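Take a look at the structure below.
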Amino acid sequence: MASKQTPKPKASAKSAPQTTASPDSQSKAPAIDIGIPEDERRKIAQSLSVFLADAYTLYLKTHNFHWNVTGPMFNALHNMFEEQYTEQWNALDDVAERIRALGYNAPGSYAEFIELTSIKEEPGLDKAPDWREMVRQLVEGNEAVCRSARQALEVADDGDDDPTEDLLIQRLQTHEKYAWMLRSLLQ
Numbered sequence: 001m002a003s004k005q006t007p008k009p010k011a012s013a014k015s016a017p018q019t020t021a022s023p024d025s026q027s028k029a030p031a032i033d034i035g036i037p038e039d040e041r042r043k044i045a046q047s048l049s050v051f052l053a054d055a056y057t058l059y060l061k062t063h064n065f066h067w068n069v070t071g072p073m074f075n076a077l078h079n080m081f082e083e084q085y086t087e088q089w090n091a092l093d094d095v096a097e098r099i100r101a102l103g104y105n106a107p108g109s110y111a112e113f114i115e116l117t118s119i120k121e122e123p124g125l126d127k128a129p130d131w132r133e134m135v136r137q138l139v140e141g142n143e144a145v146c147r148s149a150r151q152a153l154e155v156a157d158d159g160d161d162d163p164t165e166d167l168l169i170q171r172l173q174t175h176e177k178y179a180w181m182l183r184s185l186l187q
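Just so you know, UniProt numbering puts 180 at position 180 of the sequence shown, and the rest follows in order with no gaps.
Quick look at the structure:
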């Protein structure tokens, strides 16, 4: 039994042309025009990148200490550290997205964070400090994040970048509170 083949339709003047768009012909994203000059956006993104690196390093240290805390303050600190690192994790995304909104890539690798951060990394595994040293380091870390937030806030203010200022003010309030709460444990 022979199968019947359907004849292919012939192209006519009325049929749509078959074209493949070249990369050059595709439209590019429009230039960023949010009312902040490119040079100012670059400075703001750079200062936010330093802030993000400090905030990420503090997040990682807080999470590390949550896992490794021991001693008579275990339960209270384990829970406190978890609350703090969870809040910090969610805030990191807002900072990175603000850098992207300004037209720049956010740092996202350990190598970039190590290069940008002012916070000393904790060696980990076999060298976990006692709970008092953990708290002391987290006080210092939160204070370092506050300092980098203030520096970035100054740059954002110079660039008339209200959304970045608002974001940084919120982060300052949070990290100043964390530093105070942790410092109180050592008094």
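Quick reminder that beta carbons are idealized off the backbone N, C-alpha and C, glycines included.
Since this is a predicted model, take the numbers as computed values, not measurements.
Under the three-state reduction of DSSP, which class applies to residue i: helix, strand or coil?
| i | result |
| --- | --- |
| residue 111 | helix |
| residue 99 | helix |
| residue 130 | coil |
| residue 187 | coil |
| residue 73 | coil |
| residue 47 | helix |
| residue 34 | coil |
| residue 143 | helix |
| residue 83 | helix |
| residue 149 | helix |
Whole angstroms is fine: what's the gap from residue i's alpha carbon to residue j's?
| i | j | result |
| --- | --- | --- |
| residue 23 | residue 32 | Confidence at residue 23 is low in this model, with a pLDDT of 48, below 50, so the placement of that residue is unreliable and no value is reported for it. |
| residue 121 | residue 129 | 12 Å |
| residue 162 | residue 65 | 35 Å |
| residue 80 | residue 165 | 27 Å |
Quick check on residue i: buried or exposed, where buried means 16 or more other Cβ atoms within 10 Å of its Cβ?
| i | result |
| --- | --- |
| residue 111 | exposed |
| residue 74 | exposed |
| residue 107 | buried |
| residue 62 | buried |
Say whether the region 33-52 touches the region 92-104, bearing in mind that this needs 3 or more beta-carbon pairs closer than 8 Å, one atom from each stretch. The answer is yes - the region 92-104 touches the region 33-52, with three or more Cβ pairs under 8 Å.
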